[in-house]
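Q:
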Amino acid sequence: MELVNLGIKSVFIDNMIFAYFLGMCSFLAVSKKVTTAIGLGAAVVFVLGITAPVNWLVQEYILKEGALTWLSADFAGLNLEFLQFIMFIAIIAAIVQLVEMVVEKFSPTLYGALGIFLPLIAVNCAILGGSLFMVQRDYTLAEAGVFGVGSGLGFMFAIVALAAVREKLKYSNVPDGLKGLGITMLITGLMGIAFKSFIGIAL
Amino acid sequence: MSTETVAPVAAKEPAEPLFSKRRKKFVLDPLSDDNPVTVQVLGICSALAVTVKMEPTLIMAVSVVFVIVFSNLIISLLRNLIPGRVRIIVQLGVIATFVTLVSEVLKAYNYEMFKVLGAFVGLIITNCIVMGRLEAFAMGNKPWDSVLDGLGSGFGYAWVILTVAFFRELLGSGSLFNVQIYDASIMPTNSLFIDSVGAFMVLGILIWIQRSKSGYVEH
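This is the structure in structure tokens:
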């Protein structure tokens, strides 16, 4: 039950986009068409779902103070947390690369659909943000997995919804200076108000 | 693999002054006409997340300027040594090193602020402005030019997030730098500005004003 709650919370209430502004760059850049938005969203769910638990293991068994005691009792006082950023980003980049190769090998159609978005994901702040939040909030391994997938789904919802709005927007007459990024920011703000209505939901 | 944005200077010319007209452009362009946030749509994540109050925003702005200038310098010095295929990892490594530096310094001297900024210090690594400048400029230009370019983009980013923070703190909390400006009984504060919604709105309107002035239209 706890896990279900956490999942729902990370999809709707603690939404990556509307609550933490993570992944905004790709959120704004890749939301012009619904199909591409779905592609990017799926890739984010996938990568976030894998990197959060993997980084949890790294944090727990390598970086944390005294985490290396499984190797030798001498390391009890060792704290490698200052390497956190470099480790996390390297692992994310490696996993993205790995996922790209696996997908290319086993499902060329999915690879074609995700194509250019996969490498872009390595520098998507939502992914690194997911890992950093997970550490900050002391999740367990299971929670980290649920949180990763849930946050990914939240991102996917947001980007697909925005893409749908922007597709319709093509037919309206927006003032010149507001075209593109400006109006998109305002729309995102309005969508944020809508997402606020989920606050307080708990199972 | 990098895109050269500026034609290389002819070899026989006498040494160019440190602040020649061409170089001034590197610093001044990103401040208005080619602003990384309002025109190029980069680095929006942190532009919004930390701008609830002026103080964390200022620290964030300084950190980003520091990271962008020094990673630009390092990558520019290494530009002929980095193999094209692994350049992204190298760039991320350099950025992550400087971000770790910033975060350790912050932890040591201003732990309160470190807690306020939380994960967002780490997220400078994935700030697209930094990556974008390394990829588009430092990979193909000389060190000093790259430093100036980093300064320009950094300050372009800084003034935008400081402006957003100014309005959010003023209208959302009625204060500036935690100094109370007006009382809630005179004018009620609007909690939407503390919220993410206010950030989107303020930035949207700022972009509108900035683009109307510069005449930039997106198609």
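Chains A and B supply the protein sequences, listed in that same order. For what it's worth, this note's numbering labels the leading residue of the first sequence as 1, then goes sequentially. For what it's worth, this note's numbering labels the leading residue of the second sequence as 1, then goes sequentially. Every residue gets a Cβ at the ideal spot worked out from N, C-alpha and C, and that includes glycine. These numbers come from a predicted model, not from an experiment.
1) I believe B:Asp149 touches B:Asn80 by the beta-carbon criterion, under 8 Å. Please report the beta-carbon distance rounded to the nearest angstrom.
2) Tell me whether B:Glu4 is buried or exposed, calling it buried when 16 or more other Cβ atoms sit within 10 Å of its Cβ.
3) Under a three-way DSSP split, which group does A:Ser151 fall into?
4) Scan the region 82-95 of chain B for residues whose Cβ lies nearer than 9 Å to a Cβ of chain A and list them as they occur along the chain.
5) Just by C-beta distance, which residues in the region 165-184 of chain A are closer than 9 Å to chain B?
6) Apart from the five residues just before and just after A:Met87, which ones in its own chain have a Cβ nearer than 7 Å to its Cβ?
7) Taking the alpha helix (DSSP H) that B:Arg211 belongs to, which residues open and close that run?
8) Taking the continuous alpha helix (DSSP H) assigned at B:Trp144, which residues delimit it?
9) Exposed or buried, B:Arg23, counting other C-beta atoms within 10 Å across all chains shown (16 or more means buried)?
10) Determine which residues of the region 104-119 of chain B have a Cβ less than 7 Å from any Cβ of chain A, and write them out in chain order.
11) So A:Ala122 packs on A:Met134, CB below 8 Å; how close in whole Å?
12) Opposite B:Val179 in the DSSP bridges: which residues?
13) Note down, in chain order, every chain A residue with its Cβ under 9 Å from the Cβ of B:Thr97.
14) Can you give me the C-alpha to C-alpha distance between A:Asp14 and B:Ser196, rounded to a whole angstrom?
15) Hey, out of A:Gly66, A:Phe85, A:Gln84, whose CA is closest to A:Ala76's CA?
16) Give the secondary structure of A:Ser107 by DSSP, where H, G and I count as helix, E and B as strand, and everything else as coil.
17) Is B:Leu48 close to chain A? Criterion is C-beta to C-beta, closer than 8 Å.
18) Taking only beta-carbon atoms, is A:Leu128 less than 8 Å away from chain B?
19) Rounded to a whole number of angstroms, what is the C-alpha to C-alpha distance between A:Asn46 and A:Val54?
20) Between which two residues does the alpha helix (DSSP H) harbouring A:Asn232 extend?
21) From which residue to which residue does the alpha helix (DSSP H) around A:Trp56 run?
22) State the Cα-Cα distance for the pair A:Ile50 and A:Leu110, rounded to the nearest angstrom.
23) For the region 161-179 of chain B against the region 47-56 of chain B, are there 3 or more C-beta pairs whose distance is under 8 Å?
24) Closest to A:Ile38 by C-alpha separation, out of A:Leu162, A:Asn173, A:Val99, A:Phe198, would be which residue?
25) Alpha carbon to alpha carbon, how far is B:Pro83 from A:Gly177? Give it in angstroms, no decimals.
26) Once you ignore the five residues that flank B:Ile74 on each side, which residues in its own chain have a CB closer than 7 Å to its CB?
27) Counting only beta-carbon separations shorter than 8 Å, does A:Val123 have a partner in chain B?
28) Is it right to say A:Gly112 is buried, meaning 16 or more other beta carbons lie within 10 angstroms of its own, or is it exposed?
29) Quick one: grab the DSSP three-state call for A:Thr69.
30) Would you tell me roughly how many angstroms separate the C-alpha atoms of A:Thr184 and B:Leu58, rounded to the nearest one?
31) Rounded to the nearest angstrom, how far is the Cβ of A:Leu83 from that of B:Gly122, given a contact under 8 Å?
32) When DSSP labels each residue in this structure, what does B:Arg85 get in the three-state scheme?
33) Around the Cβ of B:Leu92, are there at least 16 other Cβ atoms within 10 angstroms (buried) or fewer (exposed)?
34) By the three-class DSSP mapping on this structure, what secondary structure does A:Gln136 have?
35) Suppose you measure from the CA of A:Tyr20 to the CA of B:Leu206; what does that come to, to the nearest Å?
36) Check the Cβ-Cβ distances between B:Trp208 and every residue of chain A, and say whether any is below 8 Å.
A: According to the data block:
1) Start at 1 with the first residue of the second sequence, and residue 149 of chain B comes out as number 149. Start at 1 with the first residue of the second sequence, and residue 80 of chain B comes out as number 80. Contact doesn't hold; Cβ gap of about 18 Å is too wide.
2) Mapped onto the second sequence, residue 4 of chain B falls at position 4. Reliability of the predicted coordinates at B:Glu4 is poor, the pLDDT of 48 falling under 50, and the value obtained from them is presented with this limitation in mind. Classification for B:Glu4: exposed.
3) Taking the first residue of the first sequence as 1, we reach residue 151 of chain A at position 151. Three-state DSSP puts A:Ser151 in a helix.
4) Ile88, Ile89, Leu92, Gly93, Ile95
5) Pro175, Asp176, Gly177, Leu178, Lys179, Gly180, Leu181, Gly182, Ile183, Thr184
6) Locating residue 87 of chain A in the first sequence gives position 87, where the first residue counts as 1. Excluding sequence neighbours, A:Met87 sits near Val58, Leu63.
7) Residue 211 of chain B sits at position 211 when you count from the first residue of the second sequence. Here the alpha helix (DSSP H) through B:Arg211 covers 196-214.
8) Within the second sequence, residue 144 of chain B is the residue found at index 144, counting from 1. Unbroken alpha helix (DSSP H) run through B:Trp144: 143-173.
9) Sequence index remark: in the second sequence, residue 23 of chain B carries index 23 (1-based). So B:Arg23 counts as buried.
10) Glu104, Gly118, Ala119
11) Residue mapping note: residue 122 of chain A aligns to position 122 of the first sequence, counting from 1. Residue mapping note: residue 134 of chain A aligns to position 134 of the first sequence, counting from 1. Actually they do not touch by this definition, with Cβ atoms about 18 Å apart.
12) Position 179 of the second sequence, counted from the start, is the residue given in the question as residue 179 of chain B. B:Val179 is bridged to B:Leu176.
13) For this step, residue 97 of chain B is matched to residue 97 along the second sequence. The answer, in chain order, is Phe85, Ile86.
14) Translated into positions along the first sequence, residue 14 of chain A becomes position 14. Translated into positions along the second sequence, residue 196 of chain B becomes position 196. Between A:Asp14 and B:Ser196, the C-alpha separation is close to 11 Å.
15) In the first sequence, counting from the first residue as 1, residue 76 of chain A sits at position 76. A:Ala76 has its Cα closest to that of A:Gly66, out of A:Gly66, A:Phe85, A:Gln84.
16) Your numbering for residue 107 of chain A matches position 107 in the first sequence. DSSP places A:Ser107 in coil when its eight states are reduced to three.
17) Within the second sequence, residue 48 of chain B is the residue found at index 48, counting from 1. Yes - at least one Cβ of chain A is within 8 Å of the one on B:Leu48.
18) Translated into positions along the first sequence, residue 128 of chain A becomes position 128. Interface residue, yes.
19) Numbered from 1 along the first sequence, position 46 holds the residue referred to as residue 46 of chain A. Numbered from 1 along the first sequence, position 54 holds the residue referred to as residue 54 of chain A. First, the amino acid is wrong: residue 46 of chain A is Phe here, not Asn. Each residue's alpha carbon lies about 13 Å from the other.
20) No answer is possible for residue 232 of chain A: it lies beyond the span of chain A, which begins at 1 and ends at 203.
21) On the first sequence, residue 56 of chain A is found 56 positions in, with the first residue counted as 1. Element bounds for A:Trp56: 34-58.
22) Within the first sequence, residue 50 of chain A is the residue found at index 50, counting from 1. Within the first sequence, residue 110 of chain A is the residue found at index 110, counting from 1. Approximately 17 Å between the Cα atoms of the pair.
23) yes
24) Within the first sequence, the letter at position 38 stands for residue 38 of chain A. Answer by Cα proximity: A:Leu162.
25) By one-based count along the first sequence, residue 177 of chain A stands at place 177. By one-based count along the second sequence, residue 83 of chain B stands at place 83. So the two alpha carbons sit approximately 41 Å from each other.
26) On the second sequence, residue 74 of chain B is found 74 positions in, with the first residue counted as 1. Taken in chain order, the residues that qualify are Val94.
27) One-based indexing of the first sequence puts residue 123 of chain A at position 123. Yes, contact with chain B.
28) Taking the first residue of the first sequence as 1, we reach residue 112 of chain A at position 112. So A:Gly112 counts as exposed.
29) Along the first sequence, read from residue 1 onward, the residue named residue 69 of chain A stands at position 69. Reduced to three states, the DSSP call for A:Thr69 is helix.
30) On the first sequence, residue 184 of chain A is found 184 positions in, with the first residue counted as 1. On the second sequence, residue 58 of chain B is found 58 positions in, with the first residue counted as 1. The alpha-carbon atoms of A:Thr184 and B:Leu58 are separated by roughly 26 Å.
31) Residue numbering aside, residue 83 of chain A sits at position 83 when the first sequence is read from its first letter. Residue numbering aside, residue 122 of chain B sits at position 122 when the second sequence is read from its first letter. That pair is no contact at about 12 Å.
32) Taking the first residue of the second sequence as position 1, residue 85 of chain B is located at position 85. B:Arg85 falls in the helix class under three-state DSSP.
33) On the second sequence, residue 92 of chain B is found 92 positions in, with the first residue counted as 1. Classification of B:Leu92: buried, given that the 10 Å Cβ count is 16 or more.
34) Stepping through the first sequence from its first residue, residue 136 of chain A is reached at position 136. A:Gln136: helix per DSSP, three-state reduction.
35) Position 20 of the first sequence, counted from the start, is the residue given in the question as residue 20 of chain A. Position 206 of the second sequence, counted from the start, is the residue given in the question as residue 206 of chain B. Straight-line Cα distance between these residues: approximately 20 Å.
36) Taking the second sequence and counting its residues from 1, the one referred to as residue 208 of chain B is at position 208. Closer than 8 Å: yes.
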